[in-house]
Amino acid sequence: MTSDDPVVGVLSIQGDVREHINALGAAGARAVPVGSADQLVDIDGLVIPGGESTTMSKLALRDGLMEPLRAARRAGMPMFGSCAGMIMLADRVEDARPDQETVGGIDMTVRRNAFGRQVDSFELEVPVAALGEEPFPAVFIRAPWVEGVGEDVEILATVPRGGRDGTIVAVRQGGLVATAFHPELTGDSRVHEYFVSMVRQTQVRKRE
Ligand code: GLN
245 MTSDDPVVGV
255 LSIQGDVREH
265 INALGAAGAR
275 AVPVGSADQL
285 VDIDGLVIPG
295 GESTTMSKLA
305 LRDGLMEPLR
315 AARRAGMPMF
325 GSCAGMIMLA
335 DRVEDARPDQ
345 ETVGGIDMTV
355 RRNAFGRQVD
365 SFELEVPVAA
375 LGEEPFPAVF
385 IRAPWVEGVG
395 EDVEILATVP
405 RGGRDGTIVA
415 VRQGGLVATA
425 FHPELTGDSR
435 VHEYFVSMVR
445 QTQVRKRE
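All residue numbers in the sequence shown are consecutive under the numbering used here, ending with 452.
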């Protein structure tokens, strides 16, 4: 770790924060928990962890974090959301609670708990071209899937589950990345490395 390494926050109102902090450290970032709006100014990028998107939404609204998160996203802060974090970055959510809000930013419709009861958790080797040839060991826990995306959204990964060949489980739109699975639980740091390198590129552009 050097002082040039980007500072990446992990939204720490709810969910598996510590695992992301460790994975970001392994991927060459200085990782810090972020639990209040004033901490957003000190970071170069943000991870929104898995957990429970309805609870996360409720607490973000209660603690006055939702609007600052949206403002940071609109200002171009790179963000990576896994599972519940993917839901938080979606512009539209199916099976949301009526009062559930999101940070938004990715032009996609995400369905909560989409894989159903029988397979509510599973692990799958998922090919992700952006990460290299080796498939990624993806852990899905009561995961959402992506029902549909707008034309500016790049599809990073699909799985042959959910009654179709190509169910979308990872996407990117500009500086926003989302996975339906939990890369922080596998010891494979390639998704975090991919995100940290996006954050570095944004830093370089800001300095120029
Ligand atoms: N089912 C959860 C939700 O809707 C997401 C699960 C997870 O993050 N592991 O928020």
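Positions of the beta carbon are idealized from the N, C-alpha and C atoms, including for glycine.
Beta-carbon proximity of residue i to residue j, cut-off 8 Å
i, j, result
"Val413", "Val390", "yes"
"Val453", "Ala387", "No answer is possible for residue 453: the residues shown for the chain start at 245 and end at 452."
"Thr346", "Ser301", "yes"
"Val462", "Met352", "Residue 462 lies beyond the residue range present for the chain, which begins at 245 and ends at 452; the question has no answer from this structure."
"Thr423", "Thr411", "no"
"Gly325", "Leu333", "yes"
"Val415", "Val440", "no"
"Asp343", "Arg355", "no"
"Ile287", "Met323", "no"
"Ile230", "Gln417", "An answer regarding residue 230 cannot be provided, because it is not within the stretch 245 to 452 covered by the chain."
"Asp260", "Gly308", "no"
Rounded distance between the beta-carbons of residue j and residue i, thought under 8 Å
i, j, result
"Leu429", "Glu263", "6 Å"
"Ser433", "Ala267", "6 Å"
Residue closest to residue i, alpha-carbon to alpha-carbon, out of the options
i, options, result
"Ala273", "Val252, Gln258, Met330", "Val252"
"Val435", "Thr402, Gly376, Val393", "Gly376"
"Pro250", "Arg318, Ser365, Ala271, Asp260", "Ala271"
"Arg408", "Gly294, Pro293, Ala358, Val276", "Ala358"
"Val278", "Glu378, Leu255, Lys450, Pro404", "Leu255"
"Ile399", "Leu420, Ala267, Gln445", "Leu420"
"Gln258", "Asp288, Arg405, Thr298", "Thr298"
"Ile385", "Val261, Gln283, His426, Pro404", "His426"
"Arg318", "Arg341, Gly289, Ala304", "Gly289"
"Arg314", "Glu395, Arg444, Leu284", "Leu284"
"Ala316", "Ala328, Gly348, Arg341", "Gly348"
"Gly406", "Met310, Ala304, Asp364", "Asp364"
Endpoints, the beta strand (DSSP E) within which residue i is located
i, result
"Thr446", "Where Thr446 is concerned, there is no enclosing beta strand (DSSP E), although the alpha helix (DSSP H) it sits in stretches over 434 to 451."
"Arg336", "334 to 338"
"Leu290", "289 to 292"
"Asp275", "A quick correction: the sequence has Ala, not Asp, at residue 275. 274 to 278 is the span of the beta strand (DSSP E), which, as asked, contains Ala275."
"Asp454", "In the structure displayed, the chain extends from 245 to 452; residue 454 sits before or after that span and is not available."
"Arg416", "411 to 417"
Range covered by the alpha helix (DSSP H) that runs through residue i
i, result
"Gly269", "261 to 270"
"Arg318", "310 to 318"
"Thr298", "297 to 306"
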